[in-house]
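Protein chains in written order, with numbering that gives the first Met the number 0: chain P, 0 to 141; chain D, 0 to 141.
Protein chains: 2
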Amino acid sequence: MIDRDQAFERIRQAGLRLTPQRRAVIEELAGDRSHPLAENVASRVAARVPGVSLSTVYKILHELGGLGLVRELSLPGAMRFDPDVDPHAHLVCSECGSVYDIPVPVATTEDLFSAAERATGTDVIHMEVTLYGRCAQCSPRA
Amino acid sequence: MIDRDQAFERIRQAGLRLTPQRRAVIEELAGDRSHPLAENVASRVAARVPGVSLSTVYKILHELGGLGLVRELSLPGAMRFDPDVDPHAHLVCSECGSVYDIPVPVATTEDLFSAAERATGTDVIHMEVTLYGRCAQCSPRA
DNA sequence: GTCGGTGCAAAATATTTGCATTGTG
DNA sequence: CACAATGCAAATATTTTGCACCGAC
């Protein structure tokens, strides 16, 4: 995610109010590399905004997704959220379920986008690349 | 999906019984390009095997996924199933939710796999590439 | 002060699980 | 005829929705 203040600015630009709930979701998510569930975000936000409801957090996360401030990842079991909106792939460990960032060469990303736009004849908004395999933690060692 | 009989053979190889339910799921799914939900598969199977239960269909679909006969796609809202296990991407229409197959150049697929294996140091089992955008049906026309 | 935003509770949806019964090999 | 597989029902999990109240601007 871009920094705190840029995110606040985008919220205002969109005509939305900067409530303590929105502020806390943005601040808790910024810089987070753990690909948290909505529930994880909610419990961290709750430490700063007592009584925040899970449904509000869901609404805010989806809203931030629409503004391009957060990526919503459809992964097995549940949606996860990623403040890093620059192109990169994800590895999902088939053993423990952890999600890791994987860098993808810019040229490869561009190839995929153009192949898709050629095939469909329409604009592609965004792309998710998800890889499945055992992570280093879960691999049998020698 | 490879053809009916090859799929039956793999079922037997895996030590599983060729029940009417498994047979029907395989036959209904083979050649299907609609990326159906479990429920869609179940209702088609029900036409051939009256009384088949949704939970059995879920179990069989997941089993076929494990055998590599079907791809399980984690898409927004629900899982979808694809009998085509060769590398290709999917376009999800952000308007109507339809899923379309998108060809991906072999070289690009290989780039992604090798970038991922280099980054993680482990084997990647499989990969899902999902693109989001408006499909031709839902695009405003000139 | 207005009207967008929140919290709560309930609903909707998707998927999994336990267990008695059935039927394939 | 053994034991894997099914059907059923209930549990679980996730996400959405409706609405009365509240508070950011």
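Note that CB positions come from ideal geometry on N, CA and C, so glycine has one too.
The structure displayed is predicted, hence computed values, not measured ones.
Is it the case that the Cβ atoms of residue i and residue j are separated by a distance below 8 Å?
| i | j | result |
| --- | --- | --- |
| P/LEU28 | P/PRO82 | yes |
| P/ALA37 | P/MET0 | no |
| D/ALA115 | P/LEU90 | yes |
| D/VAL149 | D/ALA13 | Because chain D in this structure spans residues 0 to 141, residue 149 of chain D falls outside the shown range and cannot be described. |
| D/ALA88 | D/VAL128 | yes |
| P/VAL48 | P/PRO19 | yes |
| P/CYS137 | P/GLU109 | no |
| P/LEU15 | P/PHE7 | no |
| P/ARG51 | P/LEU60 | Checking the sequence shown, residue 51 of chain P turns out to be Val, not Arg. No, the Cβ-Cβ distance between P/VAL51 and P/LEU60 is not below 8 Å. |
| D/CYS92 | D/ARG133 | yes |
| P/THR121 | D/ALA46 | no |
| P/GLU26 | P/ARG3 | yes |
| D/HIS125 | P/TYR131 | yes |
| P/SER73 | D/SER73 | yes |
| D/THR213 | P/LEU111 | A question about residue 213 of chain D goes unanswered here, because the residues of chain D that appear run from 0 up to 141. |
| D/GLY67 | D/VAL84 | yes |
| D/ARG32 | D/ASP100 | yes |
Cβ closer than 7 Å: which chain D residues qualify as neighbours of residue i?
| i | result |
| --- | --- |
| P/GLY120 | ALA135 |
| P/SER93 | ILE124 |
| P/LEU63 | In chain order: nothing, as chain D lies at least about 16 Å away. |
So, helix, strand or coil for residue i, using DSSP?
| i | result |
| --- | --- |
| P/LEU111 | helix |
| D/CYS92 | strand |
| D/ALA37 | helix |
| P/VAL128 | strand |
| D/ASP2 | coil |
| P/VAL103 | coil |
| P/ARG70 | strand |
| P/VAL84 | coil |
| D/VAL123 | strand |
| D/VAL48 | coil |
List, in chain order, every chain P residue whose beta-carbon is nearer than 8 Å to that of residue i.
| i | result |
| --- | --- |
| D/VAL98 | Going along chain P, no residue has its Cβ under 8 Å from D/VAL98, so there is no contact; the nearest lies around 12 Å. |
Give the residues of chain D in contact with residue i, contact being defined as C-beta atoms less than 9 Å apart.
| i | result |
| --- | --- |
| P/LEU90 | ALA115, ALA118, THR119, THR121 and VAL123 |
At what residues does the alpha helix (DSSP H) containing residue i begin and finish?
| i | result |
| --- | --- |
| P/SER52 | Premise fails: P/SER52 is in no alpha helix (DSSP H) and is neither H nor E. |
| P/LEU28 | 19-28 |
What residues from chain P crowd round residue i, counting only those whose CB sits closer than 7 Å?
| i | result |
| --- | --- |
| D/VAL103 | LEU111 and ALA114 |
| D/LEU60 | By Cβ distance, chain P contributes nothing, its closest Cβ being about 13 Å from D/LEU60, past 7 Å. |
| D/LEU74 | SER73 |
| D/SER138 | THR121 |
How would you write the range of the beta strand (DSSP E) that residue i sits in, first residue to last?
| i | result |
| --- | --- |
| P/ARG79 | 77-81 |
Listing by chain order, which chain D residues have their CB less than 8 Å from the CB of residue i?
| i | result |
| --- | --- |
| P/GLU38 | Per Cβ cutoff of 8 Å: no residues; P/GLU38 is ~18 Å from chain D at best. |
| P/THR55 | What P/THR55 touches in chain D: nothing, since even the nearest Cβ is about 20 Å away. |
| P/THR107 | THR107, ASP110, LEU111 and ALA114 |
Name the chain P residues whose beta carbon is nearer than 9 Å to that of residue i?
| i | result |
| --- | --- |
| D/VAL84 | None at all; the shortest Cβ gap to chain P is about 13 Å. |
| D/GLU127 | GLU127, VAL128, THR129, LEU130 and TYR131 |
At a cut-off of 7 Å, would you count residue i as near the ligand FAD, judging by its Cβ distance to the nearest heavy atom?
| i | result |
| --- | --- |
| P/ALA46 | With respect to the ligand FAD, the structure offers nothing, as it holds no ligand at all. |
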